[in-house]
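Participant: Quick note: my numbering has the sequence shown finishing at residue 1285, numbered continuously throughout.
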Amino acid sequence: MMGLRQIFESENISFVEVSEELIQDYLGMVNDIEHVDRFIGGWHEPYTEADEVRWVREQLAVQAPVFSMIEKKSGKFIGNIELMDVTETAGEIGIAITAKMQGKGYGTEAVKALTAYGMNILGLKKVYLRTNLTNDRAIHVYAKCGFRETGRTDTQVCMEFCR
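1) Just how far apart, CA to CA, sit F1269 and A1186?
2) Output the boundary residues of the beta strand (DSSP E) element that contains E1131.
3) Would you kindly check if the distance between the Cβ of V1249 and the Cβ of E1204 is under 8 Å?
4) Taking the alpha-carbon positions, what's the T1275 to N1257 distance?
5) Whole angstroms is fine: what's the gap from A1218's alpha carbon to V1152's?
6) For the putative contact between D1207 and G1213, defined by C-beta atoms under 8 Å, what is the C-beta separation to the nearest angstrom?
7) N1134 by DSSP, collapsed to three states: which one?
8) Counting Cβ pairs closer than 8 Å, one from the segment 1174-1194 and one from the segment 1133-1152, do we hit at least three?
9) Comparing C-alpha positions only, which one of R1127, T1211 and T1230 sits nearest to R1259?
10) What are the uninterrupted segments assigned as beta strand (DSSP E) that are 3 or more residues long and contained completely in the segment 1163-1229, given in chain order?
11) Can you give the Cα-Cα distance for S1138 and L1182, rounded to whole angstroms?
12) Residues bridged to L1251 by DSSP?
13) Exposed or buried, S1196, counting other C-beta atoms within 10 Å across all chains shown (16 or more means buried)?
14) Can you give me the C-alpha to C-alpha distance between M1241 and L1149, rounded to a whole angstrom?
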């Protein structure tokens, strides 16, 4: 992982620019139907290497605020986190963590770090998210990070963090 460019960091995580160097890690994560994919969309054909290369190149071309998370201690890939639909004042968090790295506190640390990045570096006033209604672990993490529920649908919980 020599060519990865760190953008910011937290105590245990390096937040790096997305990279073609991590394509195999991305594929392993997004195609994990049981632990990851069912919470980030699901019900599609498996992503291919070409799909992921195209995605990385698109993100880099528009300088999207999407980051790969690398465990500082081991150099292992944790997952990806991003701010989507960013306006002058708000952005939506999206996060995916590999099955092997779930349940270790990285989600909490990453959400807090990206929220701070959005507020302090990008100048956002609000960071919001939507998560699967059945993803109790994520709902707990977001609440622990200071997000408050703003609504529910049949399938999702909507939450936000305001300055």
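Note that the Cβ used here is the ideal one computed from N, Cα and C, for glycine as well.
Facilitator: The short version:
1) Sequence index remark: in the sequence shown, residue 1269 carries index 147 (1-based). Sequence index remark: in the sequence shown, residue 1186 carries index 64 (1-based). Rounded to the nearest angstrom, the two C-alpha atoms are 23 Å apart.
2) Stepping through the sequence shown from its first residue, residue 1131 is reached at position 9. In the DSSP annotation of this structure, the continuous segment of the beta strand (DSSP E) that includes E1131 starts and ends at Q1128 to E1131.
3) Position 82 of the sequence shown, counting from 1, holds the residue named residue 1204. Position 127 of the sequence shown, counting from 1, holds the residue named residue 1249. In this structure, V1249 does not lie closer than 8 Å to E1204 by Cβ.
4) As a working mapping, residue 1275 is identified with position 153 in the sequence shown. As a working mapping, residue 1257 is identified with position 135 in the sequence shown. Approximately 14 Å between the Cα atoms of the pair.
5) What you label residue 1218 is simply residue 96 of the sequence shown in a count that begins at 1. What you label residue 1152 is simply residue 30 of the sequence shown in a count that begins at 1. C-alpha separation (whole angstroms): 8 Å.
6) On the sequence shown, position 85 is the one that residue 1207 refers to. On the sequence shown, position 91 is the one that residue 1213 refers to. Going by Cβ atoms, the distance from D1207 to G1213 rounds to 7 Å, so yes, they are a contact pair.
7) Here residue 1134 refers to the residue found at position 12 when the sequence shown is read from its first residue. In this structure, N1134 counts as coil in the three-state DSSP scheme.
8) By the Cβ criterion, the segment 1174-1194 is in contact with the segment 1133-1152, since at least three pairs of Cβ atoms, one from each stretch, lie closer than 8 Å.
9) Residue 1259 sits at position 137 when you count from the first residue of the sequence shown. The option with the nearest alpha carbon to R1259 is T1230.
10) DSSP runs (the beta strand (DSSP E)) wholly in the segment 1163-1229: 1188-1193, 1199-1206 and 1212-1219.
11) Here residue 1138 is taken as the residue at index 16 of the sequence shown, counted from 1. Here residue 1182 is taken as the residue at index 60 of the sequence shown, counted from 1. According to the sequence displayed, residue 1138 carries Val and not Ser. Approximately 12 Å, taken between the alpha carbons.
12) Working through the sequence shown from its first residue, we reach residue 1251 at position 129. In DSSP, L1251 forms a bridge with M1281.
13) Here residue 1196 refers to the residue found at position 74 of the sequence shown. S1196 should be labelled exposed.
14) Counting from one through the sequence shown, the residue named residue 1241 turns up at place 119. Counting from one through the sequence shown, the residue named residue 1149 turns up at place 27. Cα to Cα, M1241 sits roughly 30 Å from L1149.
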